[in-house]
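Under my numbering, the first residue of the sequence shown is numbered 71, with each subsequent residue one higher.
Built from N, CA and C at the ideal position, the CB exists for glycine as well.
Bear in mind that the values here come from a model prediction, so they are computed numbers and not experimental data.
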Amino acid sequence: MAKVMNVDFARSGNLPLMLALKTALGEDLHYCEFYNHCHKVGCSDDKCNFQKNHDFNLDLDIPQGWKHVITLRRNRRDSLEAWFKTDLNKPFLDKLFGYRIVDNKQRYIEMRKRFQEKWEEKWLNSNGVIIYYEDFLVNLLDATLFVANLIKPGTLVKYSYNKKELDALTERLTRQQIYMRNIYD
Ligand SMILES: [Zn+2]
């Protein structure tokens with residue numbers, strides 16, 4: 071079993087990818103949500119084989135022996151809009167900046183855009199596999215099969231999800247798409 075780091079640009083599909091992997095790998099998936107678990111690159115749990123990291127500080131180095139996949143949106147505008155919407159109610163950001171940065175959307179977007187450019191420059195030039203969010207939504211099973219096989223070669227993705235699993239996954243993806251539509255309609 072190999073270890074895979076998901077370097078995910080915020081709001082770019084880490085959660086649905088993880089849920090799909092869970093369906094494919096079952097108990098073989100040991101996921102770490104860096105920010106809500108150990109805050110340790112490579113995880114404090116030796117069993118961990120899939121960790122998420124947004125690389126907010128642009129200082130992430132992929133640990134020895136880990137592979138990495140990069141998830142991001144091809145459409146940069148959608149990406150920043152989605153991130154903005156997520157940040158609307160995050161009091162820690164107000165503390166961090168000393169004012170409500172989301173009250174000035176233009177300034178917020180400019181700041182995130184500078185970060186986005188640096189992030190893409192770093193990760194699009196790394197040797198990780200790139201999965202675009204838009205492709206992931208359309209080719210869910212292919213993307214899942216691919217990443218599951220990085221972790222555990224020989225994994226066959228179930229094409230017959232049970233109804234509960236499929237409903238949960240579909241609902242989550244549909245909700246995201248509806249949300250994306252709301253922004254621009
Ligand atoms: Zn961890």
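Inspect the beta-carbon positions of residue i and residue j and report whether they are closer than 9 Å.
i: A80; j: H109; result: no
i: F120; j: V74; result: yes
i: I221; j: M88; result: no
i: P23; j: V111; result: Here the chain covers residues 71 to 255 and nothing more, so residue 23 does not appear.
i: K122; j: G198; result: no
i: S82; j: T141; result: yes
i: K183; j: R143; result: no
Does DSSP put residue i in a helix, a strand or coil?
i: F79; result: coil
i: Y169; result: coil
i: I179; result: helix
i: I221; result: helix
i: K73; result: strand
i: K155; result: helix
i: K188; result: helix
i: F104; result: helix
i: F256; result: The question about residue 256 has no answer, for the chain in this structure spans 71 to 255.
Note down, in chain order, each residue of its chain lying with its Cβ closer than 7 Å to the Cβ of residue i, except the 5 sequence neighbours on either side.
i: K117; result: H100
i: V208; result: none
Near residue i, what residues of its chain come up, given a Cβ to Cβ distance below 8 Å and the 5 sequence neighbours on each side ignored?
i: Y178; result: F154, D157, I171, V172
I'd like to confirm the pairing. Which residues does DSSP put opposite residue i in its beta bridges?
i: H256; result: Outside the displayed range of the chain (71 to 255) lies residue 256, so it cannot be described from this structure.
i: I200; result: I140
Near residue i, which residues of its chain fall below 6 Å by C-beta distance, leaving aside the five closest residues on each side in sequence?
i: Q114; result: Correcting the residue type first, residue 114 is Ser in the shown sequence and not Gln. Here the set comprises C108.
Shell residues, 5 Å Cβ cut-off relative to heavy atoms of ligand 1: C102, H107, C108, C113
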